[in-house]
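Working notes, beginning with the structure itself.
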């Protein structure tokens, strides 16, 4: 040791002083710490120019809540200071938001690592298109394409003559090599064209194609069973996905919420979602009608303060294991496929099952139960 220290002294000119006797210091160990998100989704508006049958939020053209430009800038600024590095701008439909170019420009000025845009692709103005293309190194866009059949789209979105508009916008973005994912919701009526859609997307040079079955939430809950795959159709879908994966490796992804992490999906803790009226809610699929999921208002309050005030709740959410198919609590429950991997859906079914939900009873902390107050939201 003496030789090592002498070498440090001679080589680097660093002199180390020694203390003859040790000094003892008190060390306070805290078992609690604050968790802040790294990803943020902002619902700029709840207005939408179509009315999809599966919509979790029941968005439509008659709604007109939107975040003002100043409030949106305030939210982005606070998120940046909080350490968020990925922003997702969504709705409703973001192209109906009156300040879309301004807010994209401001997000670029704040130098977020990535800015995601989620759109149905029906109307993308030339101004927005140019903004996306000029900043394609920072922007990622997801566009919905649920069919290559206009009649199907009319049935599914309640909007006529939209297919060519969507395809043309996808084509322009692909031609300009914008990072993009095409998203398709699978129903019994479009199952037989999933491979055709995948071929069309891949041949444009697009590197990501995401699919999801309809989830029984929001507007879809009140629709007929034409939206939902039966057991045989799930088997057929599985065969199709395997075929597509073999044709186009690393191209396909399942947009199935709640399967991103071993413990849970990261809602609230790593991913904050802000509604068109400013509320911080559980996740993008949360319509805030199921239970008390509202943590605070990002327009009226400082976002960091909201997280600090709710730190115990957020820590418990972070550590909560989501419902799992084969877990001791869930393996015999008939709703295990609905809840699997998703905290939101687990809480929704716990509200329906009351004390019969073993996952909620055994796994969910008292702090979370006191926040959500699901008993007060019983029908």
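In full-length UniProt numbering, the protein residues as written are 1 to 379. Just so you know, even glycine gets a beta-carbon here, dropped at the ideal spot from N, CA and C. Computed from a predicted structure; not experimentally measured.
**Asked** How far does the alpha helix (DSSP H) with residue 322 in it reach, from first residue to last?
**Response** Where residue 322 is concerned, there is no enclosing alpha helix (DSSP H), given that its DSSP letter is neither H nor E.
- Does the distance from the C-beta atom of residue 206 to that of residue 174 stay below 7 Å? yes
>> One question on the structure: do residue 316 and residue 368 come within less than 7 Å of each other, judged by their Cβ atoms?
In response: yes
ask   = Taking the alpha carbon of residue 129 as the point to measure from, which residue in 228, 111, 166, 148 has its own alpha carbon closest?
value = 166
*Rounded separation between residue 86 and residue 289 - CA only*: 27 Å
task: Evaluate contact between the region 193-203 and the region 218-231, counting only Cβ atoms and requiring at least three cross-stretch pairs below 8 Å.
output: no
Inset, instruction - Indicate the three-state DSSP secondary structure (helix, strand or coil) for residue 311 in the structure shown. - result: helix
| message | Measuring straight from C-alpha to C-alpha, what distance separates residue 143 and residue 54? | response | 16 Å
Review point. Going by Cα to Cα distance, which pick from 184, 190, 109 is closest to residue 152?
Key: 190
*Put residue 180 into one of helix, strand or coil per three-state DSSP.*
strand
Would you identify the three-state DSSP class for residue 276, choosing helix, strand or coil?
-> coil
**Q.** Any alpha helix (DSSP H) of 4 or more consecutive residues that is wholly inside the region 124-202
**A.** 126-134, 150-157, 163-175
Q. How about the region 92-110 and the region 314-330: do they share at least three Cβ pairs that are nearer than 8 Å?
A. no
Could you check whether residue 78 and residue 314 sit closer than 7 Å to each other, using their CB atoms as the reference points? no
Exposure of residue 263, with buried meaning 16 or more beta-carbon neighbours within 10 Å = exposed
Practice prompt. State whether the region 332-340 contacts the region 275-288, with contact taken as three or more CB pairs (one from each stretch) at a distance under 8 Å.
Written response: no
Check your understanding: Cα separation between residue 260 and residue 267?
Key -> At residue 260 the pLDDT is 42, less than 50, meaning the model places this residue with poor confidence and gives no usable figure here.
Check your understanding: Roughly how many whole angstroms lie between the Cα atoms of residue 81 and residue 232?
Key -> 49 Å
Over the uninterrupted beta strand (DSSP E) stretch that includes residue 86, give me the two end residues.
-> 86-90
According to the neighbour-count rule (16 or more other Cβ atoms, all chains shown, within 10 Å of its Cβ), is residue 351 buried or exposed? buried
Assuming the contact rule is C-beta atoms closer than 8 Å, residue 157 and residue 50 should be a hit. Round their C-beta distance to whole Å, please. 4 Å
Checklist entry - Are the beta-carbon atoms belonging to residue 45 and residue 91 less than 7 Å from one another? => result yes
Practice problem: With DSSP as the reference, please indicate the residues paired to residue 281 in a beta bridge. | Solution: 273
Quiz item: In three-state DSSP terms, what is residue 110?
Solution: coil
Practice prompt. Measure the Cβ-Cβ separation of residue 217 and residue 56 and say whether it is below 7 Å.
Written response: yes
Nearest residue (CA-CA) to residue 183, options 270, 177, 202, 172
202
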